[in-house]
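Data first, discussion second: the structure below is written as structure tokens.
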Amino acid sequence: MTQLLPASSTPSAQAATRPFPIPVSYFAMALGTGALGAAWRAAASTGMVPAWLGEAILAFAAVVWLILIAAMVVAVLNFRPWLREQWAHPVRCCFFSLIPATTAQMGATVFPYLSYLGYALAILGGLGQLYFASHRIAGMWRGTHVAEATTPVLYLPTVATNFATATAMGMMGWKDAAMLFFGAGLISWFSMESAILNRLRNLAPMNVGERGLMGVQLAPPFVGGNAYLAANGGTVDWFFLIMTGYGILQLLFLMRLLPWIMEGGFSMSLWGFSFGMGAMVSTGVHLSAAGVLNPLGIVLMAIGTGFLVFLWGGVAYVASQGRLLVGRR
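Each residue of the sequence shown is one higher than the one before, starting from 372 at the first, in this note's numbering.
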């Protein structure tokens with residue numbers, strides 16, 4: 372089946388390690404859906420939509436997250452060789468950063484209902500992502516990284532995670548801490564962008580079933596823009612518009628490449644688009660609420676929401692064919 376970077380790339384590797392049927396990369400479903408729910412929660416706070424819409428999406432994202440957390444517990448207990456293999460892989464290991472990122476996101480989700488649980492999850496997510504970044508990114512400084520592994524997935528350990536933590540902390544009122552994490556994510560993004568684009572331009576194309584991971588390229592400007600708003604108190608200013616402008620440029624590039632990205636049909640790797648698309652909806656909400664470029668805000672909300680609906684339709688499709696769980700037919 373086609374999936375987010377298959378657990379084993381060769382028959383011999385598959386024989387050596389029994390794969391777990393739920394890849395770590397599936398946490399992208401919780402992350403992207405949670406971002407969409409947060410966007411519509413923000414829209415409800417401005418009176419654009421009824422409150423139940425965002426809360427229902429967030430509740431669904433929380434259920435997905437809990438299922439995936441339970442799955443990882445099972446993997447720790449029964450599939451440790453597989454976990455060690457994923458942890459050591461130069462690309463697939465980056466998906467582990469989705470676990471603390473979604474944990475911080477869930478902290479912001481539950482905060483209006485259970486504030487102490489929200490604080491605990493946000494702190495746990497923040498500490499977890501810092502630990503993993505020190506493992507993955509600092510580990511690269513020893514000169515063991517290969518150029519082919521420099522894909523947009525490399526944004527996850529230090530860019531997406533710091534922005535997610537900044538957003539959660541900003542939503543809970545910790546503005547100064549949010550700005551610290553925002554700065555860590557922003558400079559990390561700037562330091563990696565040229566290397567990732569150089570790999571995409573000059574090395575071998577990504578495999579057909581993995582091209583959806585290029586959608587992660589959409590996340591830094593839109594997710595970072597929303598993290599900035601969470602840290603600055605929600606003021607739509609020139610810096611937020613700069614981030615939005617670059618995000619729209621990335622969107623145009625990716626839409627131009629979408630037929631090539633989907634050359635092999637729907638793949639779970641397309642969830643690489645989800646975090647950026649969900650954050651793009653939130654960007655549109657903030658633009659419209661501030662009365663700045665309102666038509667653009669509506670377009671961004673429509674595109675982002677539509678793409679997330681498309682992704683869940685794709686999940687239903689592959690599930691109906693028995694291809695959602697890895698190794699199942």
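Ideal Cβ placement from N, Cα and C applies to all residues, glycine included.
In this text the structure is predicted, and so the values were computed from the model without any measurement.
Only counting runs of 4 or more residues, tell me where the alpha helix (DSSP H) segments fall wholly within the segment 535-599, in order along the chain.
546-573
Going along the chain, which unbroken runs of the alpha helix (DSSP H) with 4 or more residues stay wholly within the segment 423-507?
451-459 and 469-481
To the nearest angstrom, how far is the alpha carbon of Ala520 from that of Gln476?
27 Å
So, with DSSP's three-state summary, where would you put Thr388?
coil
If Ala537 and Gly510 are in contact, beta carbons under 8 Å, what's the gap, nearest whole angstrom?
With 8 Å as the limit, Ala537 and Gly510 do not qualify as a contact, their Cβ atoms being about 24 Å apart.
What are the boundary residues of the alpha helix (DSSP H) that includes Ala410?
Per DSSP, Ala410 belongs to the alpha helix (DSSP H) from Phe398 to Ser416.
Trp631 by DSSP, collapsed to three states: which one?
helix
Return the residue from the list Leu600, Gly586 and Arg582 that minimises the CA-CA distance to Leu620.
Gly586
Let me know the secondary structure DSSP gives Pro666 once reduced to three states.
Under the three-state reduction of DSSP, Pro666 is assigned to helix.
So for Gly616, helix, strand or coil by DSSP?
helix
Where are the alpha helix (DSSP H) runs, 4 residues long or more, that stay fully inside the segment 639-683, in chain order?
645-661
Do Tyr397 and Met577 have their beta-carbon atoms positioned less than 9 Å apart in this structure?
With a cutoff of 9 Å on beta-carbon distance, Met577 and Tyr397 are scored as not near each other.
Among Arg451, Leu589, Phe610 and Leu469, whose alpha-carbon lies nearest the alpha-carbon of Val652?
Leu589
Between the alpha carbons of Trp560 and Gly403, how many angstroms are there, rounded?
19 Å
Quick one: is Asn573 buried, meaning 16 or more other Cβ sit within 10 Å of its Cβ, or exposed?
exposed
Can you name, in chain order, every residue of its own chain whose Cβ lies under 6 Å from the Cβ of Ser659, other than the five neighbours on each side?
Asn665 and Gly668
CA-CA distance, Met372 and Gly693?
With a pLDDT of only 34 at Met372, under 50, the local geometry of the prediction cannot be trusted, and the value read off the model is given with reservation. Spanning the two alpha carbons is a distance of roughly 9 Å.
Which of the three DSSP states, helix, strand or coil, is assigned to Trp512?
Of the three classes helix, strand and coil, the one that applies to Trp512 here is coil, per DSSP.
Is it a yes or a no for the segment 536-553 touching the segment 483-494, going by three-plus beta-carbon pairs under 8 Å?
yes
Take Leu454 and list the residues in its own chain whose beta-carbon comes closer than 8 Å to its own, dropping the five residues that flank it on each side.
Phe391, Ala446 and Val447
So, are the CB atoms of Phe482 and Met543 less than 9 Å apart?
A Cβ-Cβ contact shorter than 9 Å links Phe482 with Met543.
Quick check: Gly685 and Ala673, are their CB atoms within less than 9 Å of each other?
no
Pair within 9 Å by beta-carbon distance, Ala601 and Thr532
no
Do Ala414 and Gly405 count as a contact pair if the criterion is CB distance below 9 Å?
no
Closest to Gly604 by CA distance: which of Leu623, Thr522, Ala661 and Pro630 is it?
Ala661
Does the beta-carbon of Ser565 have 16 or more other beta-carbons within 10 angstroms, so that it is buried, or is it exposed?
If you draw a 10 Å sphere on the C-beta of Ser565, you find fewer than 16 other C-beta atoms in it, and that means exposed.
Can you give the Cα-Cα distance for Pro421 and Trp545, rounded to whole angstroms?
27 Å
For Thr515, collect the residues of the same chain with a Cβ closer than 7 Å to its Cβ; drop the 5 residues on either side in sequence, then sort them by chain order.
none
Backbone CA spacing between Ile508 and Met419 [nearest angstrom]
41 Å
Inter-residue Cα distance where the pair is Ala401 and Asn597:
18 Å
If we ignore side chains and look at the alpha-carbon of each, how far apart do His460 and Ala427 end up?
A straight-line Cα-Cα distance of about 36 Å links His460 and Ala427.
Own chain partners of Cys464 with C-beta closer than 7 Å, once the 5 adjacent residues on each side are dropped
Gln457, Trp458 and Arg507
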